[in-house]
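Undergrad: In terms of the working numbering, the sequence shown opens at residue 6 and continues consecutively.
Next up is a structure, given as structure tokens.
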Amino acid sequence: MCSSDLGYDIEPHVDRTEAAARADERRWRLRMLVAWPLGLMTMALSMVWMHAAWARWASLLLTVPVQFVAGWPFLRGAALRARRLDANMDTLVAIGTLAAFAWSTGEVLRGGHDPLYFDTSALVIAFLVLGRWLEARAKGRASEAITRLLELGAKQARVVRDGRELRVPVDAVKVGWVLRVLPGEKIPVDGRILEGTAAIDASMLTGESVPEERGPGDAVAGATVNLDGVLLVEATRVGEDTALAGIVRLVAQAQGSKAPIQRLADRVSAVFVPVVLAIAAATAVIWFALDGNLRAALVPSVAVLVI
């Protein structure tokens, strides 16, 4: 079905959206394939060979791709937010995982034996990448649903004018035109029955598989199917005003919008991030004041950030 079948230029946009959604899903799947195997190996090393020097170096090497390849979208998002003096969930992810990674890297380089947080950093990113992949996959399916909806509409209409019948593209139909719909054909646009009775399959709108009997004066929707009668229908809504176009528009809007809980999380994180940073800084200052050891003061401060 061409874009003009619905009276407005939606299909090129849908095609671009669907292609973008599929590309986004592929990118997140690749990041997931990086993050999960390396994250699980890092966890195994941390649990079994935590104090072995070779395992600590191996954990560092395994975590680098997870942190800076799989986790790059979170780091980039946090940097863009920081440039605007703002914060969101990406900021939380970036601060927590970078703190864990930086502390652990320092420990490995200096040859220390304090606990490492490489597994924490890698697995946090792995779980979040999994979530983003599932989200991208859902958006891709929504784009496919829009494409299927577009394919439901009729391509042509039978216009009755001066006793003659003309076949015209659906996008050429105007409000007030009289259309003839034969048995087995899709009703081209939303309209009102002038003559004839027929069973109408409106399952694409209502989900109800049982046909409904319609007659003169009854409203019918575009893309529903005339099963068994000849109808004369006056067009009442065409193009982007039809029920089908409205459904497509709502699905597209839902696809591009954030869930309420996601918007709430972003608002909370805008306050939560500065609070966490303040608590971590206060922890380091208080610990240093009591102990006088800067390194010992950084350990609980990093723990606050990670947790």
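The C-beta atom is built at its ideal place from N, Cα and C for all residues, glycine as well.
(1) Does the beta-carbon distance from Pro193 to Ala162 come in below 8 Å?
(2) Under 8 Å, with one C-beta from each stretch per pair, do the stretch 230-248 and the stretch 191-210 reach the 3-pair mark?
(3) From this set, Thr125, Ser126, Trp108, Ala127, which residue's C-alpha is nearest Leu118's C-alpha?
(4) Alpha helix (DSSP H) containing Thr241: first to last residue?
(5) The beta strand (DSSP E) that contains Ala162, what's its start and end?
(6) How about Val278 and Thr96: do their beta carbons lie closer than 8 Å?
(7) Flag this pair as yes or no: are the beta carbons of Gly136 and Glu30 separated by less than 8 Å?
(8) Considering only the alpha carbon of each residue, which of Ala285, Ala287, Ala286, Ala302 lies closest to Phe293?
(9) Per DSSP, which residues does Val230 bridge with? Please list them.
(10) Need the endpoints of the alpha helix (DSSP H) that Pro120 sits in, please.
(11) If you check the beta carbons only, do Glu217 and Ile205 fall under 8 Å apart?
(12) Just mark Glu156 as buried or exposed, buried being the case when its beta carbon has 16 or more other beta carbons within 10 Å.
(13) With distances taken Cα to Cα, identify the nearest neighbour of Leu236 among Ala224, Asp246, Thr247.
(14) Name the one or two DSSP bridge partners that Glu170 has.
(15) Within the same chain, show all residues whose beta-carbon is closer than 6 Å to that of Ala99, passing over the 5 residues directly before and after it, in chain order.
(16) Determine the direct distance from the alpha carbon of Asp271 to that of Arg219, and round the result to whole angstroms.
(17) Check for me: the alpha helix (DSSP H) holding Leu282 runs from which residue to which?
(18) Look up Arg89 in the DSSP assignment and say whether it is helix, strand or coil.
(19) Can you name the start and end residues of the beta strand (DSSP E) that Glu217 belongs to?
(20) Look at the alpha carbon of Ala92 and the alpha carbon of Phe132, and state the distance between them as a whole number of angstroms.
(21) What did DSSP end up calling Glu213 once you bin it into helix, strand or coil?
(22) With 16 other CB atoms within 10 Å as the buried threshold, where does Trp138 fall?
(23) Once the 5 residues before and after Lys191 are set aside, which same chain residues still bring their CB inside 6 Å of it?
(24) Buried or exposed, going by whether 16 or more other CB atoms sit within 10 Å of the CB of Ile312?
(25) So the alpha helix (DSSP H) Leu310 belongs to, where does it begin and stop?
(26) My guess is that Val113 and Arg61 are in contact by the Cβ rule of under 8 Å, so how many angstroms apart are they, rounded?
(27) Starting from the C-beta of Val256, find all residues in its chain whose C-beta is less than 8 Å away, skip the five residues before and the five after it, and write them out in chain order.
TA: With the structure as the only source:
(1) Along the sequence shown, read from residue 1 onward, the residue named residue 193 stands at position 188. Along the sequence shown, read from residue 1 onward, the residue named residue 162 stands at position 157. Yes, the pair counts as a contact, with Cβ atoms nearer than the cut-off.
(2) Per the Cβ contact rule, the stretch 230-248 is in contact with the stretch 191-210 (3 or more Cβ pairs under 8 Å).
(3) Along the sequence shown, read from residue 1 onward, the residue named residue 118 stands at position 113. A quick correction: the sequence has His, not Leu, at residue 118. When each option's Cα is compared against that of His118, the closest is Trp108.
(4) Your numbering for residue 241 matches position 236 in the sequence shown. It is not in any alpha helix (DSSP H) - Thr241 instead sits in the beta strand (DSSP E) that spans 236-242.
(5) Your numbering for residue 162 matches position 157 in the sequence shown. First-last of the beta strand (DSSP E) with Ala162: 161-166.
(6) As a first step, residue 278 must be located in the sequence shown, where it is residue number 273. As a first step, residue 96 must be located in the sequence shown, where it is residue number 91. Yes, they are a contact pair.
(7) The count along the sequence shown starts at 1 and reaches residue 136 at position 131. The count along the sequence shown starts at 1 and reaches residue 30 at position 25. Not in contact: Gly136 and Glu30 (Cβ atoms no closer than 8 Å).
(8) Within the sequence shown, the letter at position 288 stands for residue 293. Out of Ala285, Ala287, Ala286, Ala302, Ala302 has the C-alpha closest to the C-alpha of Phe293.
(9) As a position in the sequence shown, residue 230 is number 225, starting the count at 1. Beta-bridge partners assigned by DSSP to Val230: Lys191, Asp206.
(10) As a working note, residue 120 is residue 115 in the sequence shown. No alpha helix (DSSP H) holds Pro120; DSSP gives it neither H nor E.
(11) Here residue 217 refers to the residue found at position 212 when the sequence shown is read from its first residue. Here residue 205 refers to the residue found at position 200 when the sequence shown is read from its first residue. Yes, Cβ-Cβ distance for Glu217 and Ile205 is below 8 Å.
(12) For the purposes of this step, residue 156 is identified with residue 151 of the sequence shown, where counting begins at 1. The residue in question, Glu156, is exposed, as its Cβ has fewer than 16 Cβ neighbours within 10 Å.
(13) On the sequence shown, position 231 is the one that residue 236 refers to. The residue with the shortest Cα to Cα distance from Leu236 is Ala224.
(14) Taking the first residue of the sequence shown as position 1, residue 170 is located at position 165. Under DSSP, the beta-bridge partners assigned to Glu170 are Val165.
(15) Taking the sequence shown and counting its residues from 1, one reaches residue 99 at position 94. Cβ neighbours of Ala99 beyond the five flanking positions: Phe79, Leu80, Ala83.
(16) Locating residue 219 in the sequence shown gives position 214, where the first residue counts as 1. Locating residue 271 in the sequence shown gives position 266, where the first residue counts as 1. Distance between the alpha carbons of Arg219 and Asp271: 49 Å.
(17) Working through the sequence shown from its first residue, we reach residue 282 at position 277. Here the alpha helix (DSSP H) through Leu282 covers 265-296.
(18) Start at 1 with the first residue of the sequence shown, and residue 89 comes out as number 84. In the structure shown, Arg89 adopts coil according to DSSP, grouped into three states.
(19) Mapped onto the sequence shown, residue 217 falls at position 212. According to the DSSP assignment, Glu217 belongs to the beta strand (DSSP E) that extends over 217-219.
(20) Along the sequence shown, one-based indexing puts residue 92 at 87. Along the sequence shown, one-based indexing puts residue 132 at 127. Spanning the two alpha carbons is a distance of roughly 20 Å.
(21) What you label residue 213 is simply residue 208 of the sequence shown in a count that begins at 1. Reduced to three states, the DSSP call for Glu213 is coil.
(22) What you label residue 138 is simply residue 133 of the sequence shown in a count that begins at 1. Burial is judged here by how many other beta carbons sit within 10 angstroms of a residue's own beta carbon; Trp138 has at least 16 and is buried.
(23) Along the sequence shown, read from residue 1 onward, the residue named residue 191 stands at position 186. If we look at Lys191 and ignore the five residues flanking it on each side, its Cβ neighbours are Ala159, Ala228, Val230.
(24) Counting from 1 along the sequence shown, the entry for residue 312 is found at position 307. Looking at its Cβ environment, which holds fewer than 16 other Cβ atoms inside 10 Å, Ile312 is exposed.
(25) Counting from one through the sequence shown, the residue named residue 310 turns up at place 305. Here the alpha helix (DSSP H) through Leu310 covers 299-311.
(26) If you number the sequence shown from 1, residue 113 lands on position 108. If you number the sequence shown from 1, residue 61 lands on position 56. Right, the Cβ-Cβ distance comes to about 5 Å (below 8 Å), so this counts as a contact.
(27) Stepping through the sequence shown from its first residue, residue 256 is reached at position 251. So the qualifying residues of the chain are Ala147, Ala150, Ile151, Leu154.
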